[in-house]
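Just below is one structure, and these are the notes that go with it.
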Amino acid sequence: MTTLTIEWRHLELDGGTCLRCSGTGTSLRRVIAELEKELKPRGVEISFTETLLPEESIEQSNMILIDGRPLEDILAGAETGENYCSSCSCLTGSDAYCRTVRYDGEVYEDIPAELVREAVFTALDMETDGRERR
Numbered sequence: 001m002t003t004l005t006i007e008w009r010h011l012e013l014d015g016g017t018c019l020r021c022s023g024t025g026t027s028l029r030r031v032i033a034e035l036e037k038e039l040k041p042r043g044v045e046i047s048f049t050e051t052l053l054p055e056e057s058i059e060q061s062n063m064i065l066i067d068g069r070p071l072e073d074i075l076a077g078a079e080t081g082e083n084y085c086s087s088c089s090c091l092t093g094s095d096a097y098c099r100t101v102r103y104d105g106e107v108y109e110d111i112p113a114e115l116v117r118e119a120v121f122t123a124l125d126m127e128t129d130g131r132e133r134r
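Take 1 as the starting number for the sequence shown in this note's numbering and just add one per residue.
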């Protein structure tokens, strides 16, 4: 059995996180549950780690790594940016600028399940139906 590791890094202060990270977390947990059912019969299991970051590591917040590679490095043409995050600003008490992912003409503040799914299958070099890519 092959193990695919997914790590999600996000800011957590006093037990709370920002709205965009909360959205990513909800999507990520849902897609991981779906992928586990889909990939296990194909010989792949998923190991999920949630890394809680202190305020001084905010530039890494809302980062998803698949087998140690950032999601945006796996998806062809994806890139990161940042924009003002009012939710993190409220948590930290100062202006905060958080990561975004630009992909296929869209800018995502919270990372949707579809991007995670696409990155997982790309990292595994599989089509979504389980066949290997040619």
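Each residue gets a CB set at the ideal place from its N, CA and C atoms; glycine is no exception.
Where I66 is concerned, the enclosing beta strand (DSSP E) starts and stops at 63-66.
With a cutoff of 9 angstroms on beta-carbon distance, I46 and T17 are scored as not near each other. Sorting C90, E109, D104, G105 by C-alpha distance to the C-alpha of C98 places E109 at the top. Under the three-state reduction of DSSP output, S47 falls in the strand class. Look at P70 here: in three-state DSSP terms it is strand. The beta carbon of M63 is closer than 7 angstroms to those of R9, P70, R99 in its chain, skipping five residues each way along the sequence. Taken through DSSP and simplified to helix, strand or coil, I6 comes out as strand. Sorting L11, E7, G25, P112 by C-alpha distance to the C-alpha of E56 places L11 at the top. Within the same chain, G43, E45 come within 6 angstroms of M1 by CB-CB distance, once the 5 residues on both sides are set aside. Around the beta carbon of Y103, 16 or more other beta carbons sit within 10 angstroms, so the residue counts as buried.
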